[in-house]
Amino acid sequence: MLSPAKRLAEPPLALPEGLAPTRPAFTAEAAELAEVARGLTVAGLRKLMHISEPLAELNRDRFAAFDAADTPEAPAVALFDGDTYAGLEAKTLDADALRWAQGHLRILSGLYGLLRPLDAIRPYRLEMGSRLANPRGATLYDFWGDRVAEALNATAAETGSTVLINCASVEYFTAADRAALKLRVVTPTFLEDRGGERKIVSFWAKKARGAMARFIAENRLTEPEQIHGFTAGGYAHEPELSEPDRPVFLRQG
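For the sequence shown, the UniProt record's numbering begins at 1 and goes up steadily by one.
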């Protein structure tokens, strides 16, 4: 599972032919939230998301056009752009890997709740941690409640999975509502060793999360221990630093 990206690709990435876009499970909920956000001024959007005035104006326009028939859509992995998606590098995944990812990879979203890689989405920015008052409460966590967790449970039942590999940020994974989630959660941690000091460096950790998702999809991994073979970007699994549900990957920074 991944977080989304604040930055969007313009134009969206080209994916292999023969992959039809799909409809997000929570399309109606996304429209409901977009309607709420549409009621905010530029100043309100700036305050909500701590963004610049030009970005607030852009997102005001996006929400204003969200329901328009001619608003462009693109698959989530083609539209999201950023450090994690630089690691995923969806444009170079072959069609078979993307089809497998469609059944197994999920992307958390403040607006759409939970997305599959090929789900067609409209341009937006709305972080999961935003305190956007809505009909279900004061935050997006209130809005989504246990629906994200239940959707993950349903996907796991369909695929026969009992483990979720969590490559999302804390902000986003909180929306999965651990009380309702019936899966073992394994969260890889990516560290840099800089002169003996081991620490998480945000840019590289985000990129590694995307690369881990790619590694899983390319190799069709089904057991959590299989991710220990991840070596992209110079990382190596460090058993002595790891715990069963927190495998640590280290590289020289």
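Glycine included, every Cβ here is placed at the ideal spot set by N, Cα and C.
Worksheet item: Going by the beta-carbon positions, is the gap between residue 76 and residue 115 smaller than 8 Å?
Response: In the sequence shown, residue 76 corresponds to position 76, counting from 1. In the sequence shown, residue 115 corresponds to position 115, counting from 1. Contact: yes.
Item to complete: Rounded to whole angstroms, what's the CA-CA distance from residue 102 to residue 217? Just pull it up for me.
Response: In the sequence shown, counting from the first residue as 1, residue 102 sits at position 102. In the sequence shown, counting from the first residue as 1, residue 217 sits at position 217. The alpha-carbon atoms of residue 102 and residue 217 are separated by roughly 9 Å.
Item to complete: Consult DSSP for residue 84 and reduce its assignment to one of helix, strand or coil.
Response: Along the sequence shown, read from residue 1 onward, the residue named residue 84 stands at position 84. Residue 84: helix per DSSP, three-state reduction.
Worksheet item: So what does residue 73 bridge to, in DSSP terms?
Response: Locating residue 73 in the sequence shown gives position 73, where the first residue counts as 1. According to DSSP, residue 73 bridges with nothing at all.
Worksheet item: Considering only residues of the same chain and omitting the five flanking positions on each side of residue 138, which have a CB-CB separation below 8 Å?
Response: Residue numbering aside, residue 138 sits at position 138 when the sequence shown is read from its first letter. The residues are 131.
Practice prompt. Please go through the same chain and pick out, in chain order, the residues whose beta-carbon is closer than 7 Å to the beta-carbon of residue 203, but skip the five residues on each side of it.
Written response: Start at 1 with the first residue of the sequence shown, and residue 203 comes out as number 203. If we look at residue 203 and ignore the five residues flanking it on each side, its Cβ neighbours are 83.
Discussion item. I'd like the span of the alpha helix (DSSP H) that includes residue 184, first residue to last.
Written reply: Position 184 of the sequence shown, counting from 1, holds the residue named residue 184. Careful: residue 184 lies outside any alpha helix (DSSP H), inside the beta strand (DSSP E) at 184-186.
Discussion item. DSSP three-state label for residue 50, please.
Written reply: Here residue 50 corresponds to residue number 50 of the sequence shown, with the count starting at 1. Coil at residue 50, not helix or strand.
Worksheet entry | residue 142 - containing alpha helix (DSSP H), residue span | As a first step, residue 142 is located in the sequence shown; it is residue number 142 there, counting from the start. First-last of the alpha helix (DSSP H) with residue 142: 140-144.
Worksheet item: Are residue 158 and residue 180 close, meaning C-beta to C-beta below 8 Å?
Response: As a working mapping, residue 158 is identified with position 158 in the sequence shown. As a working mapping, residue 180 is identified with position 180 in the sequence shown. Result no, Cβ atoms of residue 158 and residue 180 do not sit closer than 8 Å.
Fill in: CA nearest to the CA of residue 255, picked from 173, 45, 112
The chain is shown from 1 up to 253; residue 255 falls before or after that span and cannot be answered.
Worksheet item: Which residues in the same chain as residue 8 place their Cβ atom closer than 6 Å to its Cβ, once the five residues preceding and following it in sequence are excluded?
Response: Against the sequence shown, residue 8 aligns to sequence position 8. The residues are 79, 81, 123.
Worksheet item: How close, in whole Å, do the beta carbons of residue 25 and residue 111 come, if the pair is a contact with beta carbons under 8 Å?
Response: Taking the first residue of the sequence shown as position 1, residue 25 is located at position 25. Taking the first residue of the sequence shown as position 1, residue 111 is located at position 111. Not really, about 13 Å apart at Cβ, beyond 8 Å.
Worksheet item: Run through DSSP, which three-state label would residue 207 get?
Response: Position 207 of the sequence shown, counting from 1, holds the residue named residue 207. DSSP, reduced to helix, strand and coil, places residue 207 within a helical segment of the structure shown.
Discussion item. Between residue 249 and residue 238, how many whole angstroms is the CB-CB distance? I'm expecting something under 8 Å.
Written reply: Counted from its first residue, the sequence shown places residue 249 at position 249. Counted from its first residue, the sequence shown places residue 238 at position 238. The C-beta separation of residue 249 from residue 238 comes to about 7 Å, placing the pair in contact by the 8 Å criterion.
Worksheet item: Straight-line CA distance for residue 108 to residue 148?
Response: Locating residue 108 in the sequence shown gives position 108, counting from the first residue. Locating residue 148 in the sequence shown gives position 148, counting from the first residue. C-alpha separation (whole angstroms): 8 Å.
Discussion item. Let's test the definition: count the other Cβ atoms within 10 Å of the Cβ of residue 155 and tell me whether it reaches 16, buried, or not, exposed.
Written reply: The residue labelled residue 155 in the question sits at position 155 within the sequence shown. Buried.
Fill in: Rounded distance between the beta-carbons of residue 5 and residue 85, thought under 8 Å
Walking along the sequence shown from the start, residue 85 turns up at place 85. Walking along the sequence shown from the start, residue 5 turns up at place 5. Indeed they touch by this definition, with Cβ atoms about 6 Å apart.
Fill in: Start-to-end residues for the alpha helix (DSSP H) that takes in residue 152
Reading the sequence shown from its first residue, position 152 is the one you call residue 152. Looking at the DSSP string, the run of the alpha helix (DSSP H) that includes residue 152 is 147-159.
Discussion item. With DSSP as the reference, identify every bridge partner of residue 249, one or two as the case may be.
Written reply: Within the sequence shown, residue 249 is the residue found at index 249, counting from 1. Partner(s): 190, 237.
Fill in: Residue interval of the beta strand (DSSP E) (run including residue 197)
Stepping through the sequence shown from its first residue, residue 197 is reached at position 197. 197-199 is the extent of the beta strand (DSSP E) around residue 197.
Worksheet entry | CA-to-CA distance, residue 236 to residue 214, given in whole angstroms | Along the sequence shown, one-based indexing puts residue 214 at 214. Along the sequence shown, one-based indexing puts residue 236 at 236. Straight-line Cα distance between these residues: approximately 16 Å.
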